[in-house]
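Taking it in order: structure first as structure tokens, then the write-up.
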Amino acid sequence: MAAIRGMLAPHCSVLRNGQRVNVDAADLLPGDIVPVEAGDRVPADLRLIEARGLKTEEAILTGESVPTDRATAPVGQRTKSQQ
24 MAAIRGMLAP
34 HCSVLRNGQR
44 VNVDAADLLP
54 GDIVPVEAGD
64 RVPADLRLIE
74 ARGLKTEEAI
84 LTGESVPTDR
94 ATAPVGQRTK
104 SQQ
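Each residue of the sequence shown is one higher than the one before, starting from 24 at the first, in the working numbering.
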């Protein structure tokens with residue numbers, strides 16, 4: 024678990040009350056909107072609400088060397104092509 028925590032971004036930007044603020048990742052709250060851009064490390068387990076052509080590199084977690092396509096649909100609602 025400590026190794027996974029070490030991969031997370033320690034700080035991030037969030038949108039709160041329409042304002043973009045920088046916070047420690049440990050201070051993220053349910054409902055925070057976290058903008059993520061190319062090359063960013065994800066600060067926590069997030070639910071995607073908008074994405075365009077998003078692929079994630081998960082080799083360190085899964086051993087898979089090919090980037091994984093990501094979609095905004097919850098896991099249980101994805102089509103076969105999105106899984």
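Cβ atoms here follow ideal geometry from the backbone N, Cα and C, with glycine treated the same way.
Exercise. Can E80 and P90 be called in contact, C-beta distance under 7 Å?
Worked result: Walking along the sequence shown from the start, residue 80 turns up at place 57. Walking along the sequence shown from the start, residue 90 turns up at place 67. It is a contact, given that the beta carbons lie within the stated cut-off.
Exercise. I think A48 touches P58, with their Cβ atoms under 8 Å apart; what is that distance to the nearest whole Å?
Worked result: Here the question's residue 48 lines up with position 25 in the sequence shown. Here the question's residue 58 lines up with position 35 in the sequence shown. 14 Å between Cβ atoms; not a contact.
For this session: Thinking V37 and D55 are a contact (beta carbons under 8 Å), I'd like their distance in whole angstroms, please.
Result: As a first step, residue 37 is located in the sequence shown; it is residue number 14 there, counting from the start. As a first step, residue 55 is located in the sequence shown; it is residue number 32 there, counting from the start. Confirmed, Cβ separation roughly 4 Å.
For this session: Report all residues from its chain with a CB closer than 8 Å to the CB of A82; omit the five preceding and five following residues, and keep chain order.
Result: Here residue 82 is taken as the residue at index 59 of the sequence shown, counted from 1. Excluding residues within five positions, the ones whose Cβ falls inside 8 Å are S88.
Exercise. What is the DSSP secondary structure of L38, counted as helix, strand or coil?
Worked result: In the sequence shown, the residue the question calls residue 38 occupies position 15. In this structure, L38 counts as strand in the three-state DSSP scheme.
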